[in-house]
Each structure stands twice: as structure tokens, then as C-alpha cells.
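So the sequences go chain by chain: A and B. At the far end of the first sequence sits residue 208, using this note's numbering, and the numbering has no gaps. At the far end of the second sequence sits residue 1295, using this note's numbering, and the numbering has no gaps. A virtual CB, placed ideally from N, CA and C, is assigned to each residue, including glycine. Working notes for the structure below.
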Amino acid sequence: MMSEIGLRSLRVVDATKLGDELVAALRPGQVVEDRHGVSRRLPRYFYEIPSWEDALEIEVTPSFSLWEFMDVDLREEEGVRTFPRYVPLAVTVLAAHLEVFRRETDTYVHIAANGGYRSPAHRLSANASPHMWGTAVNIHRVGDDDLDGQEAIERYARLARQVLPALWIRPFGEEPGEADDHMHLDVGYLVVEPRGVEPDDEIDEEDA
Amino acid sequence: MAPSEATSTPDLHYAIRSAAEEAGAKAVAVAFHDYGSRTAWCLEGDRSFHAASTIKVAVLAVVYALIDEGEISPLSRLHVRNRFASAADGSPYRVGAGRDANAAVHAQRGKTMRIGDLAHHMITTSSNLATNLLLDLAGVERARELLDRMQVTGVDLRRGVEDEKAFEAGINNRVTAAGLVSLFRAIHEGEHHSEESRDAMLETLHAQEFRSAIPAGVPDGTRVAHKTGEISTVSHDAGIVTPSGGDSYVLAVLTEWEPDNGSRRETIARISRLVYDHLDAVAALEQVEGEGDDE
């Protein structure tokens, strides 16, 4: 059952208008390069989450609460870890995909710490990654299965591809771009903008 | 355990050698620093051994140095991920859950744990996973710098634990008995840490759950803040011993064995008792001499 404090009660903010420290960490609307040198524009609009209690309570889908997409460790910039905290709007699209996967597995799907949204200032954010868009998760456990070996990772990857062919799933392996102790799923560098955004709200290219 | 009769340092030297030889130890090294008599003594104090889990005390000192520098807090949360880069070639390796004495940290895989809790597990139940997580956070080079700053010598921190590729390449953590004494002195004397961090480290070391070596050789009521270390060929214990009503001393006992020897901990306990009795006799002698001076 969905909680009374829902996603719709959260304030949507244009992160370019946040304080300097947060803008420096979230880099809203700015361009970053992925590890192949391709330029990507970071999201600009975020949900504002007042407290951890709210994050625990707010269900993004029936099976996933908001906290699961924002559980980070000390490698995340301290200002980003301090409430109110911010998560890109596209997290809802990711959660909807995960809900489909969750129903197919018919068991709990566990997202690893640092495995949901990570800001560009996070120490694991060397290059652009969908984690910085709120559109990627690292799943470390499904039901009783630890996803820490080739068999389990590839078995659940096949299942995810069957029901969600558009998902990107990192191949198993030890090299960059591969994963050997979790399953990385993402829906790409997807940006969600709220209704009512006018064209003149475009970010000055110098800011980018 | 019957009290020993070793009271002079040549006697102590002989008694320790005899205890080790009788048990079949291939090598033994002992060092202590006594705060009561302000004396230090060692037998093979600079002989280098594989550190085994005694290296975790160095990681503990480094973690609290980072806390004092404001880089982390005991309440900071760290992702429990069982994947580390080998010191040999950077390839990934994992800590075997079945080989780790502590299952609690493995059970948190994928979640976060507090730095203070990881440090507690690293020492009290010798969690290899907690150790590697904390060392990975600090970085080996940074850890070595901090140990240098603490003027700890004879403790060569090179890598995380269970790094088999590094082991095969001869890259190992190594310690000497004198080195471990210098490390425990740095913790006990608190010159390089805040009072709060010193107290937290000592509290953690006092909570040690493996009590069959140094603590087993001292009388009831004696407090021991210590860390054991054991792999197939070595067995060590080092720590701060505080007799009831007496002054503290820092003791390190390092031993090397054939893999199948089963009396290693008993031998360390026996050596622990020899040192305890020796320092007790020294203290008694000093008291008699002091009383003579008063007359």
C-alpha cells in the first residue's frame, strides 16, 4: 500500500538555484564526459527530500522506497549527504523498470549502497555514469541469491532482458565497464523535466 | 599455571628460549616496555615475522588518526563490499567468508556499516573483511605515512589480508616484536592521537574476544588490551598488560611453527607468565630498595 507521504508531496527544484556548495557537487545541467569521451548533460531538476524518515517512508513504486536509491557512504560529498537531499526526477523511470523486474523475480531485489544515485562529486564518479542521472542501480542480492558470481549475475541478467529489453546491463567481468560482484542495470542518460519549464529557462552555456 | 623463577634478564632470556624449544617453536621473539621500571627488553626484537592479524592494530591506529584529522568519523558509514585490488597486480580478490572469523560483517554486504563498528569487528573478532574495508578507505601509502608520523618502526604495512597474489609475489605485512611494542606504545601513550581516539582504541583492544594467549598467562584481574595473529606458520600476540594494582607494560610475543603444531597459544601464554613474573619481581625489588632509601 502506498504511503500517505508520497512522491507527489516532494518539492521539485531547479538545482541550478541551490546553494553554491550543492551546485558544485550536483553540477545541474552541466556537461560531463563518459569514459569514451562522449559529452553528456547532467540533470537539472531534482526531488527535494527533507529527511531520512521521509526517504524511508516514500514509496516510488509498491516495491521500492526512495531511500534505496539514495543510500550512499562517506565517499559521497558531505553536503550531498546532508538533508534536505536531492535525487534526479528520472529515478521514477528507473524504479518503474525495477518494479517490472521485481514482479518477474517474485522476490526482494536489493540495491547496494552507492548503487543508486551518486552525485558527480561522489568519489566513485570518475566519468559520466547513469548513476549520476539517477537512472542506474547496482543490485547485489535477489531473494536469497547473492549476485557475486558469473552464474547468478548472468541468470538474472537474462531474466531482466526478457522482460525489459531496453535496459542496459553490464556484462560479467573484471574489466572497466563490466561487473563481477553485482548486476548493474540502467535506462541510459535519461533526463526528466517537470511541466511548466519554459525555453528561456535554458542554462547559459557558460554555466555548462 | 605455576609462577616462573626467572627474575634477571639472562634468566628470562633462558626461560623463554626453553619454553619455545620445549614446545617445538621454530623461532621466538619477545619484546616488552615496562612503564613501572621504565625499562625495555627484547629477545630477537628486530627479527621480522609475517604479521598475520597483528597488522590490524596498525590499521586501527591509522583509522583513528584519520578520525583525528577530521577526514572521517566513527559514525561515518562505509559500503560493505567484498572486492579489493591485489597489491601484486591490481586484480580483484575477495575475502573468503568461510575463512573469516567474523560472519557479522559479511552479513552486511551491500549495506553500509559505521567506521567505529568496523574497527571493533576488525579487532575483537579479527574480521578480515572489516580490515580490508578500512585499509582500502585509508589507502596503503597514506597508512604508511601516518604510521611513520607516529614513529612506529618495525611494522611494515603493505597490503590487505587474504591477498593471495601478493602473498605469492612476496608482498606481505611484516612485524618485529620491537615494532609491535612501538605501535602499542604509540596507542597507549597517546601522543599522536586525541584523548578520545586513544580511549576508543584501548576500549576496542580491551574487548578482544580471543583470550587464549597473553591473557591466559596472567593472573585473574589483570587487564589486557591486545591483538592476536595466527596463520599456518606463525602465532603472535601483542598488547598492553595492566596488572591489578600495578603499572602497565607493553608486550609482544611472536612465534613461528611447523603448520601442524598445536601448542602455540599455550606457549605464548607461558611466555606471557614468564614476563609477568619477571616484572612483578622487578617491581617488588624496586619497592624493597625504595623502602631502604627511606631509612
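At least one CB of chain A closer than 7 Å to the CB of residue i: is that the case?
i, result
"Glu1005/B", "Residue placement at Glu1005/B is flagged as unreliable, the pLDDT there being 46, under the threshold of 50; the coordinate-derived value follows with that caveat. So no, Glu1005/B is outside the interface."
"Leu1134/B", "no"
"Thr1112/B", "yes"
"Arg1083/B", "yes"
"Glu1286/B", "no"
"Ala1087/B", "no"
"Ser1018/B", "no"
Buried or exposed: where does residue i fall if 16 or more other Cβ atoms within 10 Å of its Cβ makes it buried?
i, result
"Val191/A", "buried"
"Thr107/A", "exposed"
"Pro1296/B", "Residue 1296/B lies beyond the range of chain B shown here (1001 to 1295); nothing can be said about it."
"Tyr1093/B", "buried"
"Asp20/A", "exposed"
"Arg1149/B", "exposed"
"Thr1131/B", "buried"
"Trp168/A", "exposed"
"Phe1032/B", "buried"
"Gly1229/B", "buried"
"Asp144/A", "exposed"
"Gln1208/B", "buried"
"Arg1077/B", "buried"
"Glu1168/B", "exposed"
"Tyr1014/B", "exposed"
"Thr135/A", "buried"
"Ser1127/B", "buried"
"Ser1194/B", "exposed"
"Glu76/A", "buried"
"Val197/A", "exposed"
"His36/A", "exposed"
"Asp1199/B", "exposed"
"Asp1277/B", "buried"
"Thr1267/B", "buried"
"Gly1239/B", "buried"
Is the CB of residue i under 7 Å away from at least one CB in chain B?
i, result
"Ala112/A", "yes"
"Asp200/A", "Low per-residue confidence applies at Asp200/A: pLDDT is 49, beneath 50, and the placement is therefore not dependable, though the value from the model is reported in the following sentence. Chain B contact via Cβ: absent."
"Arg141/A", "yes"
"Glu205/A", "Since pLDDT at Glu205/A reaches only 48, below the 50 mark, its modelled position is unreliable, and no value is offered."
If the cut is a Cβ gap below 9 Å, which residues of chain E does residue i touch?
i, result
"Glu174/A", "Any reference to chain E falls outside this structure, whose protein chains are A and B."
Are there any heavy atoms of the ligand SAM lying less than 6 Å away from the beta-carbon of residue i, as far as the coordinates show?
i, result
"Arg40/A", "Ligands are entirely absent from the displayed structure, and the ligand SAM is therefore not among its contents."
Relative to chain B, which residues along the region 121-136 of chain A have a C-beta separation below 8 Å, given in chain order? none
Length at least 3, wholly inside the region 118-143 of chain A: the beta strand (DSSP E) runs in chain order: 136-142
Going along the chain, which residues of the region 34-61 of chain A sit with their C-beta nearer than 8 Å to a C-beta in chain B? none
Along the chain, which unbroken stretches of the alpha helix (DSSP H) at least 4 residues long are found entirely within the region 141-174 of chain A? 150-163
For the region 159-184 of chain A, which residues have a CB atom closer than 9 Å to at least one CB atom of chain B, in sequence order? Glu174, Asp180, Asp181 and His182
Determine which residues of the region 1067-1080 of chain B have a Cβ less than 7 Å from any Cβ of chain A, and write them out in chain order. Ile1072, Ser1076, Arg1077, Leu1078 and His1079
I'd like to know if the region 116-125 of chain A and the region 173-182 of chain A are in contact, where contact means that at least 3 CB-CB pairs between them fall below 8 Å. no
Is the region 90-108 of chain A touching the region 1102-1110 of chain B, taking contact as three or more C-beta pairs under 8 Å? no
What are the residues of the region 1095-1123 of chain B that lie near chain A, defined by any Cβ-Cβ distance shorter than 7 Å? Arg1109, Gly1110, Lys1111 and Thr1112
Give the list of continuous alpha helix (DSSP H) stretches no shorter than 4 residues that lie fully inside the region 24-97 of chain A. 52-57 and 78-81
Examine the Cβ distances between the region 1203-1223 of chain B and the region 1031-1048 of chain B and report whether three or more of them are shorter than 8 Å. no
Which whole runs of the beta strand (DSSP E) in the region 1015-1041 of chain B are 3 residues long or more, in chain order? 1027-1034
Of the residues that make up the region 64-78 of chain A, which ones have a beta carbon closer than 9 Å to any beta carbon in chain B? Asp71, Val72, Asp73, Leu74 and Arg75
With contact counted as at least three CB pairs below 8 Å, one residue from each stretch, are the region 1151-1158 of chain B and the region 1166-1179 of chain B in contact? yes
Taking only runs of the beta strand (DSSP E) that begin and end inside the region 1210-1253 of chain B, which ones reach a length of at least 3 residues, in chain order? 1223-1231 and 1234-1242
Three or more C-beta pairs under 8 Å: does that hold for the region 1050-1061 of chain B against the region 50-57 of chain A? no
Just to confirm the assignment: which complete alpha helix (DSSP H) runs, minimum length 4, are found wholly within the region 1155-1183 of chain B? 1164-1168
Quick check: the region 1208-1217 of chain B against the region 1279-1290 of chain B, are at least 3 beta-carbon pairs closer than 8 Å? no
Alpha helix (DSSP H) runs wholly inside the region 1030-1113 of chain B, at least 4 long, in chain order: 1055-1068
Count the CB pairs spanning the region 142-159 of chain A and the region 179-188 of chain A that are closer than 8 Å, and state whether there are at least three. yes
May I have a chain-ordered list of the alpha helix (DSSP H) segments no shorter than 4 residues that lie completely inside the region 1119-1155 of chain B? 1128-1138 and 1140-1149
Contact between the region 1240-1259 of chain B and the region 1021-1036 of chain B is defined here as three or more beta-carbon pairs at a separation below 8 Å; is this criterion met? yes
Count Cβ pairs between the region 1116-1124 of chain B and the region 125-141 of chain A that sit closer than 8 Å; are there 3 or more? no
Any contact of the region 1136-1153 of chain B with the region 1180-1188 of chain B, i.e. 3+ C-beta pairs under 8 Å? yes
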